[in-house]
Amino acid sequence: MDVTGPGPKPQKRPRAAGAPLGAPMDGLWQEDAGERASHEESLVVDLAGFEGPLDLLLHLARTQKVDLTRISVLALAEQYLQFIDSARRIRIELAADYLVMAAWLAYLKSRLLIPKQAKDDGPSGEEMAASLAFRLKRLEAMRDAATRLVNRNRLGRDVFVRGMPEHIPTERHSAFEASLYDLVSAYAALRQRQAITQVTIEKRTVWSLADAREILAHLIGGGFDDWTALDRFLLRYLTDPAERTTAIASAFAATLELVREGRLELRQDGAFQPIYLRRGPRPEGDGD
Amino acid sequence: MTETVDDSLLPEATGETVAEARRMREALRIAEALVFASAGPVSESYIADRLPRGVEAHAVMRQLRALYAGRGVNLVQVHDHWAFRTAPDLSFVIRTDEMEVRKLSRAQLEVLAIIAYHQPVTRAEIEDIRGVQTSKGTLDVLMEAGWVRFRGRRRSPGRPVTFGTTRDFLDHFGLEELRDLPGLEELKGAGLLSGRIPPGFQVPLPLGEDELAEDEDPITQLDLEELGLLTPGGKEDE
Amino acid sequence: MTETVDDSLLPEATGETVAEARRMREALRIAEALVFASAGPVSESYIADRLPRGVEAHAVMRQLRALYAGRGVNLVQVHDHWAFRTAPDLSFVIRTDEMEVRKLSRAQLEVLAIIAYHQPVTRAEIEDIRGVQTSKGTLDVLMEAGWVRFRGRRRSPGRPVTFGTTRDFLDHFGLEELRDLPGLEELKGAGLLSGRIPPGFQVPLPLGEDELAEDEDPITQLDLEELGLLTPGGKEDE
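Protein chains in written order, with this note's numbering: chain A, 1230 to 1517; chain B, 4 to 241; chain C, 4 to 241.
What follows is the structure in structure tokens.
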């Protein structure tokens, strides 16, 4: 992708094996799966160049070197999860988006591997995979479109306006000029200025109930018609071991709240058994 | 050169056609002067208001465009506006080192493309396509550049504001209409612009950082005990 | 049109003259684009430096001038510099409505935005939101622009006049209705408001144009007279 910005470019940059520290993560995925373990020490995971989990997935898909319609979603999920695991192992702080995607992919993987149950009316693993492939394709299409757009003949670079305009005809009947953007940004700036606040919010070291709710709501999305032991995936990917207690507490409290609102149902077969979730009778909630 | 056009109209001219040809010639001159004088695109209706009576503005503009085709300066249409622009193949002569076109970051460019191809589009939809939250300032920069604008509101719960592109966007990227966006038809044909994801599970949406209430305290162990959520043997609330 | 020029050169063309005609044609295009895009008159030597080899700049410029003679735009020579100018007889078209378009000042924009979002709003409330006094001129300018109007009177001590926006306001800013103004979420989403805003911060949803607030009375003839906007006796003074 050829963009004029100084933005990061997650292009494939071939690296020699045993690349020095600071090598882009690309090297990681050009290793053979078998070799990976032995090279792990010298590999550095770098998320800086990526714009979110979908971008990372797209990059991984490209390294499969096949048409996006024919990617193996299973292999892709596997690669992504390994990537997240190695990032966690070397204690890279990952944004929640990446972790939520990991939880979702772990779930997808389980759906793809475990045969569909007869009474199971939820979306099949294949449907989920198709949906992911579609989103990757769409993102790639937009990337290409952006490249084509920016490479057109642009005003001020390839094509020029009259350098010495004699008069700018106006159609405005008003003697004043202002755009909606001018108006709205003036308003926002004014309100911001007036709303000075001394409140400073400390960085959270624990999950708030709101965090947990938000994450759960995003994960539930439009699916979950059947019982799913999702908490396993959530906990595995969303938390540091140290934070696990608070995460369990918050996630569980959030779950109960969602149950009360009818957005979720819960099932547990016995003490210390996995907790199953499924969509409740009012999945949309009351809207927020 | 308009001379030539008139000549071709004149050979067997009656009084009527002579007058008509003269009107057309005058209309071409006026339209040419109006558009030439302005740096920005001039609306066809503005031109029409200033043409001699009985002359059809669009026909005039098309004839003027033909007159300038292949020249060093071309007449281009931007939606329902017209502008003179230098021929793209001559950029090498005109470009100087001081000229700088606005640089876009990868994220800005992507958001711009999504807005252009999917408009009217809400912020949530942009984020859904990119799979990531739109960072502060991205939309702001695009709006400040005058390429993106608030379009209206979607008639759906919450009535979210929709974004679209402006005429300046078309002008800047040399597009006559949105229909001329490169690859638009193929993308539509491939179902990539419908916004509809195949049936099945939705891939998780990006987490909106801002959507998390900031006026909320994290839940503590103590709170949970108070709420009875951590009492051993606590009954599930189903 | 350059086609025509070439044709006239071509009748008995040998390979040599074809090449020469092509060079001339290219030289005309380059000169035309250069003069068009330049911010001031262009010196002939500057043009000469950019023409194909073996073409004589002055001959090119004279031919270009002939090409534009009688057209809506003419190529004129000022000492040894060249520039395009509107044909003198067409100045009436260019000058017609020489209404100077002014940009709204920061203060005017702010007051207008407050009126748009918070309407119906009194002057005291505007000042309260802005935290500064509003000069009389500011509201006058907005009313004169046709964007702000008296809406009614608040049923509170002193019965202060309330302000609101007009239909022209919506037209100018490309809004279908007041509810299309971006709200809190969208302002944040577009990066215009930062995430760090206190809880309880709200962006009001403006009341539609024709709706009166519960504590609002419509403005009457009598009110307008009182405000000195109508001369007694009902003669409008607009």
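Note that CB positions come from ideal geometry on N, CA and C, so glycine has one too.
C-alpha distance - residue i paired with residue j, whole-angstrom precision
i, j, result
"A:A1478", "B:F172", "50 Å"
"C:D143", "C:Q136", "14 Å"
"C:P201", "A:D1326", "25 Å"
"B:W85", "B:A34", "10 Å"
"A:Y1336", "A:L1368", "22 Å"
"C:P209", "C:T165", "13 Å"
"B:H82", "C:I117", "33 Å"
"A:N1382", "A:L1342", "50 Å"
"A:Y1416", "C:L196", "10 Å"
"A:S1408", "C:T141", "18 Å"
"C:A90", "C:A24", "28 Å"
"A:G1392", "B:F39", "10 Å"
"A:A1266", "A:S1301", "Low confidence applies to A:A1266: its pLDDT is 37, below 50, so where it sits in the model is not reliable, and the reading given next is rough at best. Each residue's Cα considered, the two are about 22 Å apart."
"B:R109", "A:L1365", "17 Å"
"C:R157", "C:T223", "13 Å"
"A:E1307", "A:D1284", "16 Å"
"B:L67", "C:D52", "30 Å"
"C:R65", "B:E59", "33 Å"
"A:L1328", "A:Y1309", "10 Å"
"C:T125", "A:S1414", "22 Å"
"A:D1498", "B:D131", "36 Å"
"A:L1412", "B:F87", "30 Å"
"A:L1257", "A:G1354", "Confidence at A:L1257 is low in this model, with a pLDDT of 33, below 50, so the placement of that residue should be treated as unreliable; the coordinate-derived value is given next. Roughly 27 Å separates the two Cα atoms."
"C:L31", "B:N77", "13 Å"
Residue-chain proximity (residue i, chain B), Cβ-Cβ < 7 Å
i, result
"C:P185", "yes"
"C:A22", "no"
"C:I50", "no"
"A:G1491", "no"
"A:P1282", "yes"
"C:R109", "no"
"C:R105", "no"
"A:P1344", "no"
Beta-ladder partner(s) of residue i, from DSSP
i, result
"C:S46", "C:H84"
"C:G167", "C:R152"
"B:T99", "Its beta-bridge partners do not exist; DSSP assigns none."
"C:P221", "C:G155"
"C:V79", "C:A86"
"A:E1494", "A:R1507"
"B:T125", "B:T165"
"C:R105", "A:F1405"
"A:L1384", "A:V1388"
Presumed contact (8 Å Cβ cut-off) between residue i and residue j, rounded CB distance
i, j, result
"C:I129", "C:V114", "6 Å"
"B:L190", "B:A119", "At roughly 11 Å, the Cβ-Cβ gap does not stay under 8 Å, so B:L190 and B:A119 are not in contact."
"A:G1282", "A:M1330", "Note that residue 1282 of chain A is Pro in the sequence shown, not Gly. With 8 Å as the limit, A:P1282 and A:M1330 qualify as a contact, their Cβ atoms being about 4 Å apart."
"A:L1303", "A:L1289", "About 12 Å; that fails the 8 Å criterion."
"A:A1500", "A:A1441", "Their Cβ separation, rounded to whole angstroms, is 22 Å, which puts A:A1500 and A:A1441 out of contact at 8 Å."
Residue i at chain A interface by Cβ criterion, 7 Å
i, result
"B:L112", "yes"
"B:R88", "yes"
"B:E219", "Bear in mind that the predicted position of B:E219 carries a pLDDT of just 38, short of 50, making it unreliable; the figure below should be weighed with that in mind. Output row for B:E219: interface = yes."
"C:F95", "no"
"B:G134", "yes"
"C:I200", "yes"
"B:P55", "no"
"B:I129", "no"
Beta carbon proximity, residue i to chain C, threshold 7 Å
i, result
"A:L1395", "Checking the sequence, you will find Glu at residue 1395 of chain A rather than Leu. Chain C, which has a Cβ nearer than 7 Å to the Cβ of A:E1395, makes this yes."
"A:A1407", "yes"
"B:L215", "Reliability of the predicted coordinates at B:L215 is poor, the pLDDT of 36 falling under 50, and the value obtained from them is presented with this limitation in mind. By this cut-off, B:L215 is not an interface position."
"A:Q1421", "yes"
"B:L181", "no"
"B:D100", "no"
"B:L190", "no"
"B:G149", "no"
(request) Determine which residues of the stretch 164 to 176 of chain B have a Cβ less than 8 Å from any Cβ of chain A, and write them out in chain order. (result) D174, H175, F176
(request) Determine which residues of the stretch 1362 to 1393 of chain A have a Cβ less than 8 Å from any Cβ of chain C, and write them out in chain order. (result) Within the stretch 1362 to 1393 of chain A, the qualifying residues are F1389, V1390, R1391, G1392, M1393.
(message) Which residues of the stretch 57 to 83 of chain C have a Cβ closer than 7 Å to any Cβ of chain B? Give them in chain order.
(response) L70, G73, R74, G75, V76
(request) Mind checking the stretch 20 to 47 of chain C against chain B and listing, in chain order, the residues whose C-beta falls within less than 8 Å of any C-beta there? (result) L31, R32, I33, A34, E35, A36, L37, F39, A40
(message) Counting only Cβ-Cβ distances shorter than 9 Å, please list the residues of the stretch 1318 to 1329 of chain A near chain B, keeping chain order.
(response) A1324, A1325, D1326, V1329
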